[in-house]
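Visitor:
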Amino acid sequence: MTAQPLFVREADEETEPTPLRMRRAMGTFASGVTVVTGLGRDGEPAGFVCQSFASVSLEPPLVLFCADHRGRAWPRIREAGRFAVNILAQEQSELCGRFGSSKGRKYEGLPWEVSCWGTPSLPDVLTRVHAEVYDVHPAGDHDVVVGRVLALETVSERQPMLFFRGGFGVEDPDPATATPAAPWGWGDHWG
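Residues in the sequence shown are numbered from 4 upward in steps of one, following our numbering.
1) Would you grab the beta carbon distance between Leu65 and Val149 for me? Rounded to a whole angstrom, and I think it's under 8 Å.
2) Helix, strand or coil, according to DSSP, for Cys99 in the structure here?
3) Do you know how far the Cα of His72 is from the Cα of Lys109?
4) In this structure, how does DSSP classify Leu23 when only helix, strand and coil are distinguished?
5) Between the stretch 122-134 and the stretch 72-92, do three or more beta carbon pairs fall short of 8 Å?
6) Glu111 and Ser124 - do their beta-carbons sit closer together than 9 Å?
7) Looking at Gly35 and Leu155, is the spacing between their C-beta atoms short of 9 Å?
8) What whole-angstrom Cβ distance do Gly51 and Gly30 have, given they're in contact under 8 Å?
9) In three-state terms, what does DSSP make of Pro63?
10) Helix or strand or just coil, what does DSSP make of Ala83?
11) For His145, is the classification buried or exposed, using 16 other Cβ atoms within 10 angstroms of its Cβ as the cut-off for buried?
12) What distance in whole Å lies between the Cβ atoms of Arg79 and Ala33, which are believed to be in contact at a cut-off of 8 Å?
13) Consult DSSP for Ala76 and reduce its assignment to one of helix, strand or coil.
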């Protein structure tokens, strides 16, 4: 008896991993949205929106995020050696917009504080993960950053912000109706 394939590729299916196809395919993986923040050596705050964030290890406590080499904030944060990952709540699209765009002053008019770990703490987020840079691995046009966790702060118990198929939330999974390009979206270089 011959085994039947579980998945049959259609003739018109796109398979080559071009940047556009990678973006579309990876967009089907819903992820949380964070803002990675740090203080540059000049004492000025830096930050960027990051959806590539994960827990790596419980012992020792490690997390990771990915940052674009072309970004302005990540090199400043890397130089400082410490960062905070601010996990956004569902209704924090304005905060996401200000840190996701390469335009404008991200901290202007924003009530933020420097934590006792020397990292910018953003207001009303779900959780803050304070960490120091543990290891950095270049990977294509990004760095995979591993951080050793110094402290965890649970700030609120609201719903998380989710990014899915180029938009927020998963209520409408139809890619034809998803927001094609938010002002802070794929055109800007996060990090």
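Each residue gets a CB set at the ideal place from its N, CA and C atoms; glycine is no exception.
Guide: On the basis of the data shown:
1) 6 Å
2) helix
3) 19 Å
4) helix
5) yes
6) no
7) no
8) The amino acid occupying residue 51 in the given sequence is Phe; Gly does not appear at that position. With 8 Å as the limit, Phe51 and Gly30 do not qualify as a contact, their Cβ atoms being about 19 Å apart.
9) coil
10) helix
11) buried
12) Not confirmed; about 30 Å, so no contact.
13) helix
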